[in-house]
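Sequences listed follow chains A and B, in order. Under the working numbering, think of the first position of the first sequence as 87, with each following residue one higher. Under the working numbering, think of the first position of the second sequence as 87, with each following residue one higher. Just so it is clear, CB atoms sit at the ideal spot from N, CA and C, and this is done for glycine as well. Here's the structure we're looking at; comments come further down.
There are 2 protein chains.
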Amino acid sequence: MTTEARRSQVSEGGIPNAGADVLTVPFGGAPMFTRARALRPTGKVLPEHARSHNRALVLQTLYTSGAQSRADVARQTGLTRVTISDLVAGLIAEGLVIELGQREDARPGKPATLIDVDRAAFHIVGVDLSEHQRFLGAVVDLDGGIVSRAEVALDGATGDAAVVLVADLVRRLLASTETPVLGIGVGSPGVVDPLGVVRSAPNLGWTDVDLQARLHDEFELPVHVANDANVAVLAEHGSSHQDDLLLVKVGHGVGAGLIIGGRPVIGGGFAAGEIGHVVVGTDGGPRCACGKHGCLEAWLAVPRLTAQLDALDPEAADAASAREEILAEAGRRLGIVLAPVVGALNLSEVVLSGPAELLDGALHDATVDTLRTRTMAEHNRDLRLRMTEQAEDVVLRGAAVMVLSGQLGVS
Amino acid sequence: MTTEARRSQVSEGGIPNAGADVLTVPFGGAPMFTRARALRPTGKVLPEHARSHNRALVLQTLYTSGAQSRADVARQTGLTRVTISDLVAGLIAEGLVIELGQREDARPGKPATLIDVDRAAFHIVGVDLSEHQRFLGAVVDLDGGIVSRAEVALDGATGDAAVVLVADLVRRLLASTETPVLGIGVGSPGVVDPLGVVRSAPNLGWTDVDLQARLHDEFELPVHVANDANVAVLAEHGSSHQDDLLLVKVGHGVGAGLIIGGRPVIGGGFAAGEIGHVVVGTDGGPRCACGKHGCLEAWLAVPRLTAQLDALDPEAADAASAREEILAEAGRRLGIVLAPVVGALNLSEVVLSGPAELLDGALHDATVDTLRTRTMAEHNRDLRLRMTEQAEDVVLRGAAVMVLSGQLGVS
DNA sequence: TCACGTTTGTTAGTAAAGCTTACGAACAAA
DNA sequence: TTTGTTCGTAAGCTTTACTAACAAACGTGA
């Protein structure tokens, strides 16, 4: 048998677009995308699914690129003007897109009619349950701008009382806006499953609390609930446009949110990102609330850092350098834990979220340093570690992104 | 404005199937799937893309469930009998599927015509470049069975000479089978980009070697090249049916392959899984070839372990326990590096690949122990660490899976 | 000024894909 | 023999996105 004859009858390229995978909602497929490899096919695809994907694509294009003509969208998406017109007509009928009148600038040809996502059409309610003393909430517009805020003191409330506080907060926020609300997004501490059930949140005394159902039943709006750090990384992903992203959230506890290949990582037990109680190094460390010694949280959590700093004598000659050293040590510990993760995932970007006065200085620098010396420089050359761009509002904004993404397929 | 009026005009469920994402090749979308969250839509979807997905779905169904009737496939996929008949007709015309005659068992109704993937129609050539002294190759059938083997001694060849050896090996394997070959899969050490260019493989003296093009040009068959550990984890994924999987490959070096959410992780610099040179612990360690101290590879690589074991006095009274301790220490070190990764990704399954006489005993047990004590037991309760089920042939079989997956969308 | 080219958005018709409906064939059980 | 079941196929419909063609509206250059 000649080489010629042995050649597979199957076309050289294999199945069309095999190996491509850019799916989104509910699937995807740009022929030129090459990063991911083929997967097991799961579930049929009907024409209407393709339609809803293309619809989301149009929304996404408008959302990120702003006002433009139908023809512009057609060029950008690769769909034809006819198809775009058709999809846009539907979106206008649904009130998601509006016509803005004709384009001003003078060009040859028929003047374009500008269209855009109707950014004033909806608000989103975002809730952040990650703080220790209070719940934060905000009404967020479609661009991620905070329209109004509200908060409620916890006063030690746990269990059902805490759930009631969340509902109260949401009720106040809903009352504060006249604009239709697209949905409610909640970032909760603890382990949250994909259906919005808080499996476990020790601080709040929650076990298997179906927050999604509770809020949905009361407010009859779409509700999305996820872990606070996992929510936070969505906010960062929205602005960073990086496909792989790790966000470390330092507060009363330490948690992480992870996006890989543009996709949030949930974890088999829905506990991805829970690195607070991973033991750091091989030389012991402070005793942690969980009983172990040298957990990341025992090194890095805000209460521990402030306690250490407060114990310093501010009059001492070396007060400043002692402060630096405390923060640098915490940063090194963070670097030690992150190094294997950064190495294994070949991450290109890590984001720190938390009090900038603690994180953004000696701590940050020590973490970078430790990461560089503990991983292979050659592979992680372009690793970036930076502070969040969202300041205090990462979780609130991330909750909004989660709703946006879940309801419109946009982020 | 009443709550009623404020309610979003957008349907409660958001866009159809938003939040669902089960895409495969080139996309997917089972409406009931809930794990992953919505993503940015990327790229349009045309009807023919949907078609090729459904085609792959049929192939996958037949491949994993074996011979069955068209009606069975219809029930299993959710597509109608008509559509299945149509798709199957195409697959039969392409020679990928064959009719096996009527079903034997006595049931009411018209007897079913059994169909199946024509498992004898194609062979796959798999190549494993990860060993230090020789290149391994095999002809693999569609079920992953090894049909024939070949190997070539490296004799210190590097650079282009090594590429020639790969081609020689492939040529011999191709000559050994009369069956049409679906494609060539190669697992190479080092950093390999998604186009099959070996960016860097120090052992082989390769920098930016376009192995995919070299082999494709010579043999005119589909060629897929990837990192050896990343290839190996594909083999394991094929049998384990776990959505999250980490495989640690211990040989002359130490590397890992990672599948998250059913998807191989490549990494921003295509170096995902390169954990061999991550520093372990905070107490120094043996000097590594890379210059650092205490790299995982310096603790765990096979040459280092065998050297340590060989240095033992076999006559000593405590020889056995000394041996155990050496392996246990290596296991602990592995556990220390894996703990942050397991915690951050909430992995449910970790697989060890390498010499069983070294890995499958004290080393394994120490790793499990270390993982348990260094992560949060509550979250990683059902973590499993096990030896590979594929023995020596992980890379060869994984290379076959890669071709199968890339060419047919099946795995 | 006016013909010409360009750009936009729409209309009309076509091709592809999967659906529903309907039917003949083949079998088991009554 | 009758009845009910199952299989695979044929015909026609619906959805979707495409191509082709066109009118409207604009700048440009002779």
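Of all residues in the segment 437-468 of chain B, those with a C-beta nearer than 8 angstroms to a C-beta of chain A are Thr-459, Arg-460, Thr-461, Met-462, Glu-464, His-465, Asn-466, Arg-467, Asp-468, reading in chain order.
Contact annotation: Asp-227 of chain B and His-209 of chain B have beta-carbon atoms nearer than 7 angstroms.
Counting only runs of at least 4 residues, the segment 220-264 of chain A fully encloses the following alpha helix (DSSP H) elements, listed from N- to C-terminal order: 245-261.
Nearest neighbour of Ala-485 of chain B by Cα position, chosen from B:His-323, B:Pro-266, B:Asp-369, turns out to be B:His-323. Lys-196 of chain B and Val-144 of chain B have their alpha carbons spaced roughly 22 angstroms apart. Between His-310 of chain B and Val-183 of chain B a beta carbon distance of about 22 angstroms is seen, past the 8 angstroms cut, so the two are scored as non-contacting. Annotation for Arg-126 of chain A: no residue places its beta carbon closer than 8 angstroms to its own, counting only its chain and skipping 5 residues before and after.
Of the residues assessed, Glu-411 of chain B falls on the exposed side of the cut-off, its CB having fewer than 16 other CB atoms within 10 angstroms.
Taking the C-beta atoms as reference points, Val-366 of chain B is found nearer than 7 angstroms to Leu-382 of chain B.
Contact check for Val-317 of chain A against Gly-273 of chain A passes: the beta carbons are separated by less than 7 angstroms. Gly-223 of chain A places its beta carbon less than 7 angstroms from that of Leu-255 of chain A.
For Val-277 of chain A, the secondary structure class from DSSP, reduced to helix, strand or coil, is strand. Counted as a single uninterrupted DSSP element, the alpha helix (DSSP H) harbouring Ile-412 of chain B occupies residues 405-431. Sequence-distant partners of Ala-357 of chain B (beyond 5 residues in either direction) whose C-beta falls short of 8 angstroms from its own C-beta, in its chain, are Val-277. The beta carbon of Leu-320 of chain B sits closer than 6 angstroms to those of Gly-484, Val-487, Met-488, all from its chain and outside the five residues before and after it, given in chain order. By the neighbour-count definition (other C-beta atoms within 10 Å, threshold 16), Asp-399 of chain A is an exposed residue. Residues of chain A with a Cβ closer than 9 angstroms to the Cβ of Pro-133 of chain B are, in chain order, Pro-133, Ala-136. Asp-246 of chain B and Asp-296 of chain B have their C-alpha atoms roughly 11 angstroms apart. Around the CB of Ser-216 of chain B, 16 or more other CB atoms lie within 10 Å, so the residue is classed as buried.
For Arg-220 of chain A, no chain B residue has a Cβ inside 9 angstroms of its Cβ, as the nearest lies near 25 angstroms away. The three-state secondary structure of Leu-320 of chain A, taken from DSSP, is helix.
Flagged as an interface residue toward chain A: His-363 of chain B, by a C-beta distance shorter than 7 angstroms. In this structure, Ala-425 of chain A places its C-beta atom within 7 angstroms of the C-beta atom of Thr-461 of chain A. Taking each of A:Asp-229, A:Pro-194, A:Ala-207, A:Gly-152 in turn and checking the Cα distance to Leu-200 of chain A, the smallest one comes out for A:Gly-152.
For Ser-151 of chain B, none of the residues of chain A pass the 9 angstroms Cβ criterion, the least Cβ distance being about 12 angstroms. Put simply, the backbone Cα of Asn-466 of chain B is about 22 angstroms away from that of Arg-419 of chain A. Contact note: Ala-342 of chain B reaches chain A through Ala-430, using a C-beta cutoff of 8 angstroms and chain order.
Residue burial is scored here from C-beta neighbours: Asp-404 of chain A has fewer than 16 other C-beta atoms within 10 angstroms and is therefore classed as exposed. Residues of the segment 311-343 of chain B with a Cβ closer than 7 angstroms to any Cβ of chain A, in chain order: Asp-330, Ala-342. Ala-239 of chain B is classed as exposed because its beta carbon has fewer than 16 other beta carbons within 10 Å across all chains shown. For Val-365 of chain A, there is no enclosing beta strand (DSSP E), as DSSP marks it with neither H nor E.
Within chain A, no C-beta atom comes less than 8 angstroms from the C-beta of Asn-289 of chain B; the nearest is roughly 14 angstroms away. Within the segment 184-210 of chain A, Phe-208 place their CB atoms closer than 7 angstroms to a CB of chain B, listed in sequence order. Per DSSP, Glu-134 of chain B is one residue of the alpha helix (DSSP H) stretching across 133-151. Identification of residues in the segment 151-171 of chain A having a C-beta nearer than 7 angstroms to some C-beta of chain B yields Thr-163, Gly-164, Leu-165, given in sequence order. Residues of chain B whose Cβ lies closer than 8 angstroms to the Cβ of Cys-376 of chain A are, in chain order, Met-462.
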